[in-house]
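Quick note on numbering: full-length UniProt numbering labels position 303 of the sequence shown as 303, and the sequence is numbered without any gaps.
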Amino acid sequence: MDGFGNINWWGFSPSIDILKLYDQNIKNNEDTVNILLMNCGDQRIIIDSLKSKKNLGKKIRFFVYEKMLELYARDLLLLSIIFEHSQRSGVGEKAENFLEIYGNLLIRESTANLIRLKSSEFIKFITDLDYLAKSSLNMFNFSLLKYKERDFLEGIFKFWRIKEANKEYFPAEKCWDVRLRNYFANRYDSRSNAYDWDFSMKLLERKNCSIINHRVYSKWRDSGIAFEQRDVNYDTPNKTLASGMIFNDPRSGDKASRRGYFGDIIVGPYLAYGIQHENVDFFKKVNDSYRYTATDIAKSNLESLIGKIVEIGGHESVESKLSEMKIVEVGEEVEMSSDDYFKLEDVEIVFLPLSAVGDFSQKNKFDGFFDAVFVGNSAAANLADKSFSKILKAEALVVVETAKYMIEMKTEQINGFSQKLRQMCHENGFLEIDQNICNVKESKDNLEFLDHLIFLKNK
């Protein structure tokens, strides 16, 4: 298994507001915008795009497609944190909980309690769609999933809900170490040199990645803990980063399933929120060192995004509801219900079955349906399929993630990947949009400097 793993727990490019891009490039009178998200790996496109909903004035429907159901479970969990009522948690607390679950192999016990409480409610959602439809989180739609897929999700939430004393179900630290040993093999004892090389010779070639901080990056590479936001104990396994894989048993030759950590161990969860910010003060240096890190930037970005979503939802601030807040002791488990969330009107998040992309060419249900599509780089091969174009409306937006941050690839491979993306899109009749990026400092190897390629399908 390569360093990227077989499951994308996070995206490999910064977040992008696809609704804003749609509004800038496509004009129509329809009252609903249908957006397909293919292999995003996380929720960043949804979160970033929701802030533009108010200006657009239309109903927004996100159709989420991933290759593994564990990612759907994470989507529901992390997005539900954002939609918690302000009297339950403030913007800062939401951002902290989000980042901790998003990128840390080990979390606080109080955060693990939060996951357990939410899991009980999620089991009701997934087993009783009528219950979900009547809840404040009825923006989530699981109705297109097959029964066995919903059963699998129920199993994931039941696994999350287990409170264990000795980490026997997911020994996260051991799983991470096994992943490192398998990846480095006989280089394991000198792995710190590999961390130095990857940061200094690869990540630093990418714009703004130096803000991640060498020490922070190396610690994540060795421990799986990416975001340390204050002086607390991160000592409880983050079960949302556990997934299963089928292996061949070397002794019997039979196939056997195993739970472990099988995600990224070389890039990190910093790209989505942690390397770009509209406030340039975050990138100022003192004595040739950055004053802030990717953790500071990620939390600030999330606080801003969450605040805008709360405002769009017409929700009251924490300050206006302080008198109604209940004081809860740390570790106390108070049952959560759908009343703990606010509702975002005219937004729907639909989870597609794992067979959805293959079905596009066989069935006509989604022909001429999508206004915009985001394609993660691991799903780029679908652009070569002629059926891809037929699921788009006559005028549609296509955003494709480049391989810019896939640091295990060589420069010529990354650039060749972008050339292939352009070729496939042009063969589908898509027109590339000039992103007008000025004053771009090219690397010494002329590395691809675009995070995404943007195309239009015309009538």
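Ideal placement from N, C-alpha and C gives every residue a C-beta, glycine not left out.
In the DSSP assignment, A172 falls outside any beta strand (DSSP E) and lies within the alpha helix (DSSP H) extending over A172 to F184.
In the structure shown, L456 falls within a strand segment according to DSSP collapsed to helix, strand and coil.
About 6 Å separates the beta carbons of D451 and T402, which is inside the 8 Å limit, making them a contact pair. In the pairwise beta carbon analysis, the segment 256-272 is classified as not touching the segment 115-135: fewer than three pairs are separated by under 8 Å. In the displayed model, A394 falls within a strand according to three-state DSSP.
The beta carbons of L106 and Y273 sit no closer together than 8 Å.
DSSP places E205 in the helix class (H, G or I) of the three-state scheme.
Taking C-beta atoms as the reference points, K404 and R221 fail to come closer than 8 Å. Following the DSSP letters along the chain, one finds S218 inside the alpha helix (DSSP H) bounded by residues H214 to S223. No residue range can be given for L145, since it is assigned to no alpha helix (DSSP H) and is classified by DSSP as neither H nor E. Taking a 10 Å sphere around the C-beta of S15, we find 16 or more other C-beta atoms and assign the residue as buried. By DSSP's assignment, T236 forms a beta bridge with I107.
Per DSSP, the continuous beta strand (DSSP E) segment holding I349 begins and ends at V347 to F351. The alpha helix (DSSP H) runs of length 4 or more contained entirely in the segment 51-134 are, from start to end of the chain, 53-56, 69-82, 91-103, 109-127 and 129-133. Under the three-pair Cβ rule at 8 Å, the segment 74-85 counts as touching the segment 93-102.
By the beta-carbon neighbour count (other beta carbons within 10 angstroms, threshold 16), L241 is buried.
Straight across, the Cα-Cα distance linking V267 with W10 is about 10 Å. M38 sits close to V373, with the two beta carbons spaced by under 8 Å. Note on geometry: alpha-carbon atoms of I82 and I309 lie some 8 Å from one another. Assigned with DSSP and collapsed to three states, T411 falls in helix. Boundaries for T293: no alpha helix (DSSP H) harbours it, and the DSSP string shows neither H nor E there. In this structure, V64 and L352 form a Cβ contact; the two beta carbons are roughly 6 Å apart against a cut-off of 8 Å. Under the Cβ criterion (8 Å, minimum of three pairs), the segment 368-385 counts as touching the segment 421-428. In the three-state DSSP reduction, F342 falls in the coil class, being neither helix nor strand. Closest by C-alpha distance to D385, out of T295, V280, F283 and G358, is G358.
Exposed is the label assigned to S200, since fewer than 16 other Cβ atoms lie within 10 Å of its Cβ. Per DSSP, reduced to three states, the secondary structure at E278 is coil, with no helix or strand assignment.
Within the model, the alpha-carbon separation for K148 versus N193 is close to 45 Å.
Annotation: I115 to L71 spans about 15 Å, alpha carbon to alpha carbon.
Residue range I18 to N25 is occupied by the alpha helix (DSSP H) that includes I18, with no beta strand (DSSP E) assigned at that position. Around the beta carbon of N279, fewer than 16 other beta carbons sit within 10 angstroms, so the residue counts as exposed.
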